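See structure below.
Residue numbers (my numbering): 1284 to 1658.
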């Protein structure tokens, strides 16, 4: 399928995806907002559902807007003290809540991203939150919307781990994972952190699940594309989905060797961060990725070949070493570390010299030429 295929509606497209997963491990989908990604995930789920209610047979564990709706707040309007996140325990999603110690399964995942703690009240289907290190008698808190989203995401990942374990009966029905835009309004750091963590989980040896991942976020799509090695792996397919305004049909088109926004999405984010001065240490990870892919494209074995070097090569060596040091480490999702002013200056030198050496569309990076010293 080199030129793409057309599908009359979402159920026929979902049926095609299931057919392709007979020979593939993972399918990556990119589509703009409003194309119908969430509805596609539900159409995919419905095909594998037989019967009605909680007794129905099904085969798909999904994460989308409907998953997030399984959690809602009780803000305790009467006493304004006991704020709880309530769980819709009638959903099969919470099937392992009572016997599988979900607290202990979620906590290690959450600690990668957040600095708050929680306890699940299994009998009442509620979650309460505290600042990390709080005493037992300290009042519980309401976390921010972003922190709530990452908690729900980590809850889902804990369920995925259970579904991957052949010895766990509660989620043995899961054959497919369908993940649609895992974290709402991903910024560039969230996209890298969440994408990298998800790929680590899916790449674990022995993972029996087939996976569909859809997103409207270009950087997250790129991260998953690279982390799952969609460019080389015969077990991974990557597509663009578009919807015809004329007849409402859907087109599925392969991305080719690399996504068409391979460098542009990352460079645009880096350029915006540089222009605003809001530079964090994780931006070195993004810059390194651009340099590595550029070096590969131009036939070099090391990303340092794409760093501008003076006659005596002092900047090339220094900048390559700096990127090596700064592009490693675990960064907090909610408290990213801001660059020191000295490192900001180095970052700016590397980025602007790269854009001077490999110019991009000036409409995307309007002041880059001036910053790089080009006429």
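Glycine residues also receive a C-beta, built at the ideal position from the N, C-alpha and C atoms. This one's a predicted model, so the numbers in the text were calculated from it and none came from an experiment.
Pair within 8 Å by beta-carbon distance, residue i and residue j
i, j, result
"residue 1366", "residue 1423", "yes"
"residue 1556", "residue 1506", "no"
"residue 1464", "residue 1498", "yes"
"residue 1413", "residue 1420", "no"
"residue 1567", "residue 1575", "no"
"residue 1604", "residue 1318", "no"
"residue 1552", "residue 1502", "yes"
"residue 1564", "residue 1609", "yes"
"residue 1312", "residue 1293", "no"
"residue 1690", "residue 1291", "The structure shown does not extend to residue 1690, since the chain is modelled only from 1284 to 1658, so the question has no answer here."
"residue 1459", "residue 1343", "yes"
"residue 1327", "residue 1300", "yes"
"residue 1276", "residue 1591", "Lying before the first or after the last residue shown, residue 1276 is absent from the chain, which here runs from 1284 to 1658."
"residue 1462", "residue 1496", "yes"
"residue 1388", "residue 1446", "no"
"residue 1437", "residue 1368", "no"
"residue 1310", "residue 1572", "no"
First through last residue of the alpha helix (DSSP H) which encompasses residue i
i, result
"residue 1588", "Segment: none, residue 1588 is in no alpha helix (DSSP H) and carries neither H nor E."
"residue 1391", "1385-1393"
"residue 1435", "1428-1447"
"residue 1506", "1501-1510"
"residue 1235", "Residue 1235 is absent from the model: the chain starts at 1284 and stops at 1658."
"residue 1631", "1624-1640"
C-alpha distance - residue i paired with residue j, whole-angstrom precision
i, j, result
"residue 1391", "residue 1403", "15 Å"
"residue 1493", "residue 1435", "22 Å"
"residue 1444", "residue 1401", "20 Å"
"residue 1429", "residue 1439", "15 Å"
"residue 1298", "residue 1554", "41 Å"
"residue 1288", "residue 1532", "10 Å"
"residue 1489", "residue 1524", "30 Å"
"residue 1638", "residue 1584", "20 Å"
"residue 1329", "residue 1341", "8 Å"
"residue 1350", "residue 1588", "45 Å"
"residue 1491", "residue 1625", "47 Å"
"residue 1296", "residue 1302", "10 Å"
"residue 1480", "residue 1333", "33 Å"
"residue 1621", "residue 1406", "42 Å"
"residue 1425", "residue 1558", "34 Å"
"residue 1607", "residue 1570", "11 Å"
"residue 1602", "residue 1635", "13 Å"
"residue 1361", "residue 1418", "24 Å"
"residue 1504", "residue 1578", "21 Å"
"residue 1411", "residue 1356", "10 Å"
"residue 1550", "residue 1409", "42 Å"
"residue 1516", "residue 1415", "41 Å"
"residue 1627", "residue 1633", "10 Å"
"residue 1345", "residue 1374", "12 Å"
"residue 1386", "residue 1379", "11 Å"
"residue 1431", "residue 1395", "14 Å"
"residue 1535", "residue 1427", "37 Å"
"residue 1645", "residue 1363", "53 Å"
"residue 1486", "residue 1509", "12 Å"
"residue 1581", "residue 1314", "29 Å"
"residue 1398", "residue 1448", "28 Å"
"residue 1306", "residue 1316", "29 Å"
"residue 1643", "residue 1500", "21 Å"
"residue 1358", "residue 1335", "33 Å"
"residue 1629", "residue 1623", "10 Å"
"residue 1304", "residue 1383", "30 Å"
"residue 1331", "residue 1325", "10 Å"
"residue 1600", "residue 1450", "51 Å"
"residue 1522", "residue 1484", "22 Å"
Presumed contact (8 Å Cβ cut-off) between residue i and residue j, rounded CB distance
i, j, result
"residue 1277", "residue 1308", "There is no way to answer for residue 1277, as the model of the chain reaches only from 1284 to 1658."
"residue 1511", "residue 1482", "6 Å"
"residue 1466", "residue 1457", "With 8 Å as the limit, residue 1466 and residue 1457 do not qualify as a contact, their Cβ atoms being about 21 Å apart."
"residue 1370", "residue 1377", "6 Å"
Element boundaries [beta strand (DSSP E), containing residue i]
i, result
"residue 1355", "1354-1357"
"residue 1522", "1519-1526"
"residue 1516", "First-last for residue 1516: undefined, no H or E at that position."
"residue 1413", "1409-1414"
"residue 1537", "1533-1537"
"residue 1461", "1459-1463"
"residue 1399", "1399-1404"
"residue 1290", "1288-1290"
"residue 1496", "1493-1498"
Exercise. Hey, which unbroken runs of the alpha helix (DSSP H) at 4 residues or more fall wholly within the region 1302-1339?
Worked result: Counting only runs of 4+ residues, the alpha helix (DSSP H) found wholly inside the region 1302-1339 occupies 1320-1330, in chain order.
Problem set entry | Uninterrupted beta strand (DSSP E) stretches inside the region 1544-1576 (no shorter than 3 residues) | As far as the region 1544-1576 is concerned, it has no whole beta strand (DSSP E) run of at least 3 residues.
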